[in-house]
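Beneath this line is the structure, given in structure tokens, with notes to follow.
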Amino acid sequence: MTDCLFCKIIAGDIPADKIYEDENVFAFRDINPVAPLHALIIPKKHIAMINDLKPQDAEVVGQLFLAAKEIAKQEGYDETGYRTVMNCGEAAGQTVFHIHLHLLAGRDLSWPPG
Ligand code: 5GP
Ligand code: ZN
Numbered sequence: 002m003t004d005c006l007f008c009k010i011i012a013g014d015i016p017a018d019k020i021y022e023d024e025n026v027f028a029f030r031d032i033n034p035v036a037p038l039h040a041l042i043i044p045k046k047h048i049a050m051i052n053d054l055k056p057q058d059a060e061v062v063g064q065l066f067l068a069a070k071e072i073a074k075q076e077g078y079d080e081t082g083y084r085t086v087m088n089c090g091e092a093a094g095q096t097v098f099h100i101h102l103h104l105l106a107g108r109d110l111s112w113p114p115g
């Protein structure tokens, strides 16, 4: 999708600090991190929001979590713990409409989230 920020990052048209890539998944550091590790893990396929997921997207959604596990391990947070969050819609705080799994680690994370 040409006017999508995250599609442009995948294409290399906008620079990003990449931390993981495989056939279907791309991950990079958030530009405005809220934790020492704050990665955004996205499918290479453009999907705007959870509401748009189709049964055939189930595999790639699973792959986002497998990537999260790998990145957490790579960054040394697999033992201490980490949080994954995917916002859907404006009331939940979604600002970029290409689904992304936030991976947060490196500080105490309160619950419930704000
Ligand atoms: P959302 O609020 O949609 O769940 O998360 C969007 C995230 O994308 C935010 O945490 C924001 O800081 C991050 N973000 C927005 N624009 C850019 C960008 O150009 N580069 C990177 N690396 N992150 C971005
Ligand atoms: Zn996109």
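Counting from 2, one number per residue, gives the positions in the sequence shown under the working numbering.
Glycine residues also receive a C-beta, built at the ideal position from the N, C-alpha and C atoms.
Item                                                                                                                                                             : Value
Would you kindly report the start and end of the unbroken beta strand (DSSP E) that includes residue 26?                                                         : 26-30
Can you list, in chain order, the residues of its chain whose CB lies under 6 angstroms from that of residue 84, leaving out five sequence neighbours each side? : 105, 110
In the structure shown, what three-state DSSP assignment does residue 80 receive?                                                                                : coil
To the nearest angstrom, how far is the alpha carbon of residue 9 from that of residue 15?                                                                       : 6 angstroms
Could you tell me the alpha carbon to alpha carbon distance between residue 50 and residue 59, rounded to whole angstroms?                                       : 13 angstroms
Is it right to say residue 86 is buried, meaning 16 or more other beta carbons lie within 10 angstroms of its own, or is it exposed?                             : exposed
Taking DSSP as the reference, what is the three-state secondary structure of residue 56?                                                                         : helix
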